[in-house]
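Peer 1:
Residue numbers (this note's numbering): 368 to 603.
(1) Determine the extent of the beta strand (DSSP E) in which residue 491 is found, giving its start and end residues.
(2) Tell me which residue opens and which closes the beta strand (DSSP E) that residue 463 is part of.
(3) Comparing C-alpha positions only, which one of 579, 453, 559 and 393 sits nearest to residue 588?
(4) Distance, Cα to Cα, residue 539 vs residue 388?
(5) Can you name the start and end residues of the beta strand (DSSP E) that residue 457 belongs to?
(6) Check for me: the beta strand (DSSP E) holding residue 441 runs from which residue to which?
(7) Going by the beta-carbon positions, is the gap between residue 464 and residue 487 smaller than 8 angstroms?
(8) The beta strand (DSSP E) that contains residue 549, what's its start and end?
(9) Kindly give me the distance between the Cβ atoms of residue 506 and residue 444, rounded to whole angstroms, as I take these residues to be in contact under 8 angstroms.
(10) Given this structure, state the Cα-to-Cα distance separating residue 438 from residue 427, to the nearest angstrom.
(11) Below 8 angstroms on the Cβ atoms is my contact criterion, and I expect residue 400 with residue 512 to pass it. Report the Cβ-Cβ distance as a whole number of Å.
(12) Would you decide whether residue 446 is buried or exposed? Buried here means 16 or more other CB atoms lie within 10 Å of its CB.
(13) Determine the contact status of residue 386 and residue 468, defining contact as a CB-CB distance below 8 angstroms.
(14) Which same chain residues, not among the five before or five after residue 575, have their C-beta less than 6 angstroms away from its C-beta?
(15) At the level of alpha carbons, what is the spacing between residue 562 and residue 425?
(16) Cutting at 7 angstroms between CB atoms, please list the residues of its own chain near residue 462, excluding the five before and the five after it.
(17) Among the residues of its own chain, which have a CB less than 6 angstroms from the CB of residue 483, if the five just before and after it don't count?
(18) Can you tell me which of the three DSSP states residue 394 falls into?
(19) Judging by CA-CA distance, which residue of 480, 452 and 491 is the nearest neighbour of residue 436?
(20) From what residue to what residue does the beta strand (DSSP E) around residue 512 run?
(21) Helix, strand or coil, according to DSSP, for residue 424 in the structure here?
(22) Is residue 399 helix, strand or coil when you go by DSSP?
(23) Going by DSSP, what residues sit across from residue 479 in a beta bridge?
(24) Alpha helix (DSSP H) containing residue 430: first to last residue?
(25) Give a yes or no on whether the C-beta atoms belonging to residue 501 and residue 549 are separated by under 8 angstroms.
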């Protein structure tokens, strides 16, 4: 009996010491993730306001990507059909197809902005490339500026002049044209003529992931406390 009591006390003592080390760490990590989530939620609210506000005029000179991203802009100019590309393996409403990306020459400037005009279905014969000419002449459009990913998986480099790309690579596009290019892609607003399937995803800062991590760390804290209390009060 005494040996059992002594053993329980040892478990309680060492478990308590371990708990003193782990519990603050778990709570601290949970709070850290919680505060990161709150910061991202605040940033998300800012992005939503930027996307819902009145469109600003797209700068006719080169600008930084961070000053343009997730803002709504209005553009006037002409599409350059000769430089249009299709981005392969884009899925819309559970169907495979392409995104049609066309550079737009801004009025009064040599600067171009890539415009994602939306999704078109892939033909049954994948060797056939859809011909989706943009509107001719001056146009006035609006849309949300986004920065495409800089890291992506590519099976093999495409030949020069290829019109179908696996990914939208701004650096590659910029290297193949003789004019300056804004470091964003404009997602054409629904309802603007000259576009196709457009159901653009809402910009997401990833707060849900941090909230999940916070719940995980707080869960570890509660579980470790519960286990220690269980061994402390259980009957021999």
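We treat Cβ as the ideally placed atom computed from N, Cα and C, and that holds for glycine.
Peer 2: If we stick to the structure as given:
(1) Element bounds for residue 491: n/a, residue is neither H nor E.
(2) Its beta strand (DSSP E) spans residues 462 to 473.
(3) 393
(4) 51 angstroms
(5) Residue range 452 to 459 is occupied by the beta strand (DSSP E) that includes residue 457.
(6) 439 to 446
(7) Yes, the Cβ-Cβ distance between residue 464 and residue 487 is below 8 angstroms.
(8) In the DSSP assignment, residue 549 falls within the beta strand (DSSP E) that extends over 548 to 555.
(9) 7 angstroms
(10) 16 angstroms
(11) Actually they do not touch by this definition, with Cβ atoms about 30 angstroms apart.
(12) buried
(13) Against a cut-off of 8 angstroms, the Cβ pair of residue 468 and residue 386 comes out as no contact.
(14) none
(15) 19 angstroms
(16) Closer than 7 angstroms at the Cβ level, and outside the excluded window around residue 462, lie 488.
(17) Excluding five sequence positions before and after residue 483, the CB atoms of its chain that fall closer than 6 angstroms to its own CB belong to 466, 468, 552 and 554, given in chain order.
(18) helix
(19) 480
(20) 505 to 513
(21) The answer is strand: DSSP assigns residue 424 an E or B state.
(22) helix
(23) Residue pairing for residue 479: DSSP places it in a beta bridge opposite 472 and 548.
(24) Element bounds for residue 430: n/a, residue is neither H nor E.
(25) no
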